[in-house]
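Chemist: Residue numbers (this note's numbering): 1403 to 1714. C-beta atoms are modelled at their ideal positions from N, C-alpha and C, and glycine is treated no differently. Note that the structure is a prediction, hence the values are computed from the model and not measured.
#1: Pull up the distance between the alpha-carbon of residue 1407 and that of residue 1453, whole angstroms please.
#2: Please report the straight-line C-alpha distance between residue 1609 and residue 1602, rounded to a whole angstrom.
#3: Taking the alpha carbon of residue 1405 as the reference point, which residue from 1424, 1432, 1578 has its own alpha carbon closest?
#4: Keeping to the same chain, check which residues put their C-beta closer than 7 angstroms to that of residue 1474; ignore five residues upstream and five downstream.
#5: In the DSSP assignment, the beta strand (DSSP E) including residue 1546 goes from what residue to what residue?
#6: Roughly how many angstroms separate the alpha carbons of residue 1652 and residue 1439, rounded to a whole number?
#7: Given a cut-off of 9 angstroms, decide if residue 1675 and residue 1573 are closer than it, judged by their beta-carbon atoms.
#8: Check whether the Cβ atoms of residue 1491 and residue 1548 lie closer than 9 angstroms to each other.
#9: Hey, would you say residue 1571 sits closer than 9 angstroms to residue 1542, going by beta carbons?
#10: CB-CB under 6 angstroms to residue 1577, same chain, minus the five flanking residues each way: which ones, in chain order?
#11: Taking Cβ positions only, does residue 1656 come closer than 9 angstroms to chain D?
#12: Along the alpha helix (DSSP H) that carries residue 1443, what are the first and last residues, could you check?
#13: For the candidate residues 1680, 1686, 1705, whose alpha-carbon lies nearest to that of residue 1557?
#14: Note down the Cα distance separating residue 1657 from residue 1446, rounded to an integer number of angstroms.
#15: Just grab the DSSP bridge partners of residue 1692 for me.
#16: With 16 as the cutoff for other CB atoms within 10 Å, does residue 1421 come out buried or exposed?
#17: Look at residue 1516 and residue 1500 and say whether their C-beta atoms are less than 9 angstroms apart.
#18: Please list the segments of the alpha helix (DSSP H) lying wholly inside the region 1509–1541, counting only runs of 4 or more residues, in order along the chain.
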């Protein structure tokens, strides 16, 4: 890709500039700048990673082609909520990555599905994400739907795009929520510096994100809430709650993860306290609305019991 620096960006470090204007992370930009094959050049010349761009600079960035992955089936037990010839719903445990990604090539939900379903998965998303219509974060537990053929995939994906899929999450957030119910309507985009994070943004390209919440229980220092997603953006609940001063309990990315309660119960939390509890959709073959609910994980229940005890 070729980037031309405008006057408003003059004086920014080149690695920061590339991270702000592309999908690359800052660390990925630094690796390309430092690579022996001169993957990044400014006006035809190589520069150090601390080079500060100037107005009018023409930056060429060559991104190497990704190495194709061989996704292997793995005999990993699945908690199957529902299954038929078109769809399979799985209660994903906390800590499991949905599909292979750098640093997580084995032990994924996709590997478990390939073992369980064989060739009976939609091929629309390619070999890395067969059947995957939507996903939840590694440290979020709960119900996930997978398409077993392309027709089902097209139908389910269209429902997600139309925001007609029912998605209800339960979570514990830090602080005492002011209102019992409310809606957060704030657009999201990639964080301008840390491309692995999302942020509330009104920049061009930001996508509308709407989260409805309801307080279920109050513990003083924390609040147990129910969330209904109107849209389903990456990290939506986590970013929205952090943006109003109530990050999710245990969230190492958008929260501090350093409160006394979090430190005492690190073995139970192991990431954000968030569970995808209810999923509802129209069956792609029958046209019937179906809704499924999964119980809170035992670690989530244990956290609630500890919060109840501390609030007495």
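Modeler: So, to answer that:
#1: By one-based count along the chain shown, residue 1407 stands at place 5. By one-based count along the chain shown, residue 1453 stands at place 51. C-alpha separation (whole angstroms): 13 angstroms.
#2: In the chain shown, counting from the first residue as 1, residue 1609 sits at position 207. In the chain shown, counting from the first residue as 1, residue 1602 sits at position 200. About 9 angstroms.
#3: Position 3 of the chain shown, counting from 1, holds the residue named residue 1405. Among 1424, 1432, 1578, the Cα nearest to that of residue 1405 belongs to 1424.
#4: On the chain shown, position 72 is the one that residue 1474 refers to. Counting only Cβ-Cβ distances below 7 angstroms, and skipping sequence neighbours, we find 1513.
#5: On the chain shown, position 144 is the one that residue 1546 refers to. First-last of the beta strand (DSSP E) with residue 1546: 1543–1549.
#6: Here residue 1652 is taken as the residue at index 250 of the chain shown, counted from 1. Here residue 1439 is taken as the residue at index 37 of the chain shown, counted from 1. Their Cα atoms are separated by approximately 41 angstroms.
#7: Here residue 1573 refers to the residue found at position 171 when the chain shown is read from its first residue. Here residue 1675 refers to the residue found at position 273 when the chain shown is read from its first residue. Result yes, Cβ atoms of residue 1573 and residue 1675 sit closer than 9 angstroms.
#8: One-based indexing of the chain shown puts residue 1491 at position 89. One-based indexing of the chain shown puts residue 1548 at position 146. A contact, by the Cβ cut-off of 9 angstroms.
#9: Residue 1571 sits at position 169 when you count from the first residue of the chain shown. Residue 1542 sits at position 140 when you count from the first residue of the chain shown. Contact flag set, yes.
#10: Within the chain shown, numbered from 1, the residue matching residue 1577 stands at position 175. Cβ neighbours of residue 1577 beyond the five flanking positions: 1648.
#11: In the structure shown, chain D does not exist; there is a single protein chain.
#12: Numbered from 1 along the chain shown, position 41 holds the residue referred to as residue 1443. Careful: residue 1443 lies outside any alpha helix (DSSP H), inside the beta strand (DSSP E) at 1442–1444.
#13: Stepping through the chain shown from its first residue, residue 1557 is reached at position 155. Looking at the Cα atoms, 1686 is the closest of the given residues.
#14: Counted from its first residue, the chain shown places residue 1657 at position 255. Counted from its first residue, the chain shown places residue 1446 at position 44. If I take the Cα positions, the gap works out to 42 angstroms.
#15: For the purposes of this step, residue 1692 is identified with residue 290 of the chain shown, where counting begins at 1. Residue pairing by DSSP puts residue 1692 in a beta bridge opposite 1683.
#16: Walking along the chain shown from the start, residue 1421 turns up at place 19. So residue 1421 ends up on the buried side.
#17: Along the chain shown, read from residue 1 onward, the residue named residue 1516 stands at position 114. Along the chain shown, read from residue 1 onward, the residue named residue 1500 stands at position 98. No, the Cβ-Cβ distance between residue 1516 and residue 1500 is not below 9 angstroms.
#18: 1511–1519
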